[in-house]
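Engineer:
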Amino acid sequence: MSIPLLEYTPNSQNQRVEGYEVPSEDTPQPYRLTPTSEVPDIDAIIWAGYRQIFSEHLILKRHRQPFLESQLRNRAITVRDFIRGLGKTEVYWELVGETNSNYRLVDISLKRFLGRASYGKDEEIAWSIIIATKGLHGFIDTLLDSEEYLSNFGNDIVPFQRRRFKDRPFNLVNPRYDADYRNRLLGQYLEGRTFYQAVRTGESVQRGVRQAIPDTFLSMAASISPGGMNYQRSSDRARNYISSVKLPEMSKQVTETTVKPTEVALPYRYIPGNKTT
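Printed below as a string of structure tokens:
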């Protein structure tokens, strides 16, 4: 018996409030499959699905799903089934699921499938329990069968980000190499050793391995004193220079000197027809 979704309190996000914005180039354009959709329209729907779920603006050949594409072109499945199939592929697990914690997986999946960010930690915990009990496929099924998905996208619309006002679009956010994934790679590199000790071949040496952790990089950089920035020495040198400079005497009476202009014979004075004074 699976654990039901825990209750959480939704906060006021943009997609929950009706706006008065004027449509522009930033307004989401839904991709809808209709009975009159032709081949170019279906190609655009397939491309929009890859862009939304895989975050690929140029579809990689090895990431394409020919079977799902063929079913959608033949109207054997709906757009919702096509999106469901993309979420259950090995590609989505490789790009998003394997490289992130369950909390970040929930946040990214909500952005990709429901077009909104998570309402907070409570919602991330609630959906993480679904992932732990039903797995990734059960989590995807629960999202696409939810009332929120059906009321906003139905069976024939590709999910999109609802009412974006700032930041980048959700499908441009890189889901890989978050802090937890970097720490996991660091743990694999250390092979179970502590951050304070690294074992070399034949000897055990205390090393500052902890300084290589990104979380402590700023504190390490702040502890380094760059050369040529001794402000105390610079201020003392400036004071000594000012005290040794001799200022000119300005109290004495200055005698005025008159400079008589000297006549200069310019070349044009010798040109015939020019009068000289």
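Note that the UniProt record's numbering numbers the sequence shown so that position 265 is 265, with each residue one more than the last.
Note that the Cβ used here is the ideal one computed from N, Cα and C, for glycine as well.
1) Which of helix, strand or coil does DSSP assign to residue 77?
2) Assign residue 51 to one of three DSSP states: helix, strand, or coil.
3) Quick check on the burial criterion: 16 or more other C-beta atoms within 10 angstroms. Buried or exposed for residue 132?
4) Any idea which residues DSSP pairs residue 157 with across the strands?
5) Excluding the five sequence neighbours on either side, which residues of its own chain have a C-beta within less than 8 Å of the C-beta of residue 56, listed in chain order?
6) Reducing DSSP to helix, strand and coil, say where residue 83 ends up.
7) Using the beta-carbon count (16 or more within 10 Å), is residue 67 buried or exposed?
8) Would you call residue 100 buried or exposed, if buried means 16 or more other Cβ atoms sit within 10 Å of its Cβ?
9) Using 10 angstroms around the beta-carbon of residue 13, count the other beta-carbons present and answer buried if the total reaches 16, otherwise exposed.
10) Which of the three DSSP states, helix, strand or coil, is assigned to residue 59?
11) Closest to residue 110 by CA distance: which of 36, 52 and 31 is it?
12) Can you give me the C-alpha to C-alpha distance between residue 125 and residue 69, rounded to a whole angstrom?
13) Within 8 Å (strictly less), CB to CB, does residue 72 reach chain B?
14) Would you check if the distance between the CB atom of residue 144 and the CB atom of residue 80 is smaller than 8 Å?
15) Between the beta-carbon of residue 122 and the beta-carbon of residue 8, is there less than 8 Å?
16) Assuming residue 118 contacts residue 102 (C-beta within less than 8 Å), just tell me the rounded distance between them.
17) Whole angstroms are fine: how far does the CA of residue 60 sit from the CA of residue 158?
18) Exposed or buried, which one is residue 92 when buried takes at least 16 other CB atoms within 10 Å?
19) How big is the Cα-Cα spacing for residue 149 and residue 113?
20) Mind listing, in chain order, the continuous beta strand (DSSP E) runs of no fewer than 3 residues lying wholly within the region 114-140?
21) In three-state terms, what does DSSP make of residue 70?
Structural biologist: Per the coordinate set shown:
1) For this step, residue 77 is matched to residue 77 along the sequence shown. Coil.
2) Along the sequence shown, one-based indexing puts residue 51 at 51. Three-state result, residue 51: helix.
3) Sequence index remark: in the sequence shown, residue 132 carries index 132 (1-based). With fewer than 16 other Cβ atoms from the protein chains shown falling within 10 Å of its own Cβ, residue 132 counts as exposed.
4) As a first step, residue 157 must be located in the sequence shown, where it is residue number 157. DSSP output for residue 157 lists 32 as bridge partner(s).
5) Counting from 1 along the sequence shown, the entry for residue 56 is found at position 56. In its chain, beyond the 5 residues on either side, 50 and 63 have a beta carbon closer than 8 Å to the beta carbon of residue 56.
6) The residue given as residue 83 occupies position 83 in the sequence shown. Reduced to three states, the DSSP call for residue 83 is helix.
7) Position 67 of the sequence shown, counted from the first residue, corresponds to residue 67. Answer is exposed; the Cβ neighbour count stays below 16.
8) Sequence index remark: in the sequence shown, residue 100 carries index 100 (1-based). Residue burial annotation: residue 100 is buried, with at least 16 other C-beta atoms found within 10 angstroms of its C-beta.
9) Residue 13 sits at position 13 when you count from the first residue of the sequence shown. When all chains shown are included, residue 13 counts as exposed.
10) By 1-based counting over the sequence shown, the position of residue 59 is 59. The answer is coil: DSSP assigns residue 59 none of H, G, I, E or B.
11) Taking the first residue of the sequence shown as 1, we reach residue 110 at position 110. Residue 52 is the option with its Cα nearest to residue 110.
12) In the sequence shown, residue 125 corresponds to position 125, counting from 1. In the sequence shown, residue 69 corresponds to position 69, counting from 1. Going from the Cα of residue 125 to the Cα of residue 69 covers about 34 Å.
13) As a matter of chain content, chain B is missing from the structure shown, which is built from one protein chain.
14) For the purposes of this step, residue 144 is taken as the residue at position 144 of the sequence shown. For the purposes of this step, residue 80 is taken as the residue at position 80 of the sequence shown. Closer than 8 Å, so yes.
15) Within the sequence shown, residue 122 is the residue found at index 122, counting from 1. Within the sequence shown, residue 8 is the residue found at index 8, counting from 1. For residue 122 and residue 8, yes; Cβs fall inside 8 Å.
16) The residue labelled residue 118 in the question sits at position 118 within the sequence shown. The residue labelled residue 102 in the question sits at position 102 within the sequence shown. About 12 Å; that fails the 8 Å criterion.
17) The sequence position of residue 158 within the sequence shown is 158, counting from 1. The sequence position of residue 60 within the sequence shown is 60, counting from 1. Straight-line Cα distance between these residues: approximately 20 Å.
18) Here residue 92 refers to the residue found at position 92 of the sequence shown. With 16 or more other Cβ atoms within 10 Å, it is buried.
19) Here residue 149 corresponds to residue number 149 of the sequence shown, with the count starting at 1. Here residue 113 corresponds to residue number 113 of the sequence shown, with the count starting at 1. For residue 149 and residue 113, the distance between alpha carbons rounds to 8 Å.
20) none
21) Sequence index remark: in the sequence shown, residue 70 carries index 70 (1-based). Three-state result, residue 70: helix.
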